[in-house]
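>
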Amino acid sequence: MNRTVLPPALFAALFLTACQAPPTSPRPTDQLPFMGRWDCGTTTMTFTPETYQPSADAPPMTIRGFSTQNRVTTMTLDDGAVIQVQSQNDNQISWLSESTGDSLACKRVAG
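For reference, each letter of the sequence shown is one residue, going -21 to -1, 1 to 90 in mature numbering (1 follows the signal peptide of the UniProt record, and there is no 0).
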């Protein structure tokens, strides 16, 4: 029986790579299907992997962290506010502010 023996340095590199914690923020956009601009009726909001802009007139706010469970992404903003986005499909999301209790149904803005 043939055995393959890994050099110690290669084994250590593989072990350390396997033990690294996954990134928390920003996350790859393929894991955040709601990236882009959304028409929410009363406002148009924009999401990037690093920022959330609640309206065209507001400055972007830094997203400090992400957590996703059951298609609901919870974001903690730099000011401590917490918002949630649930993807309904590629063109619709539900938005909720945990801070105010406000909720909006939003449609993707083309372009």
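For glycine and all other residues, C-beta sits at the position ideal for the given N, C-alpha and C.
1) Relative to the C-alpha of D81, which candidate in E29, A60, F26 and G15 has its C-alpha closest?
2) To the nearest angstrom, how far is it from the Cα of L(-16) to the Cα of T47?
3) Smallest Cα separation from N49: which of L56, V64 and T41?
4) Please classify S78: does DSSP put it in a helix, a strand, or coil?
5) Which of the three DSSP states is assigned to residue 100 in this structure?
6) Within a Cβ cutoff of 8 Å, which residues of the same chain sit near P12, ignoring the five residues on either side of it in sequence?
7) Classify P38 as buried or exposed, calling it buried when 16 or more other Cβ atoms lie within 10 Å of its own Cβ.
8) Determine the DSSP secondary structure at R50, reduced to helix, strand or coil.
9) Just the C-alpha distance for I72 and T25, rounded to the nearest angstrom, thanks.
10) Apart from the five residues on each side of it in sequence, which residues of its chain come closer than 6 Å, Cβ to Cβ, to T55?
11) Classify L83 as helix, strand or coil using the three-state DSSP reduction.
This is what the structure gives:
1) What you label residue 81 is simply residue 102 of the sequence shown in a count that begins at 1. The candidate whose alpha carbon is nearest that of D81 is A60.
2) Residue numbering aside, residue -16 sits at position 6 when the sequence shown is read from its first letter. Residue numbering aside, residue 47 sits at position 68 when the sequence shown is read from its first letter. Legend: pLDDT at L(-16) = 48, less than 50; position of this residue unreliable, value from coordinates given subsequently. Using only the alpha carbons, I get a separation of about 37 Å.
3) Sequence index remark: in the sequence shown, residue 49 carries index 70 (1-based). Closest by alpha carbon: V64.
4) In the sequence shown, counting from the first residue as 1, residue 78 sits at position 99. If DSSP states are grouped into helix, strand and coil, S78 belongs with coil.
5) The chain is shown only over -21 to 90; residue 100 falls outside these bounds and no answer can be derived.
6) As a working note, residue 12 is residue 33 in the sequence shown. Counting only Cβ-Cβ distances below 8 Å, and skipping sequence neighbours, we find S66 and D69.
7) Locating residue 38 in the sequence shown gives position 59, counting from the first residue. P38 is exposed by the Cβ-count criterion.
8) One-based indexing of the sequence shown puts residue 50 at position 71. Three-state DSSP puts R50 in coil, outside helix and strand.
9) The sequence position of residue 72 within the sequence shown is 93, counting from 1. The sequence position of residue 25 within the sequence shown is 46, counting from 1. Approximately 12 Å between the Cα atoms of the pair.
10) Along the sequence shown, read from residue 1 onward, the residue named residue 55 stands at position 76. Excluding sequence neighbours, T55 sits near R43, G44 and V61.
11) Counted from its first residue, the sequence shown places residue 83 at position 104. Here L83 sits in strand by DSSP.
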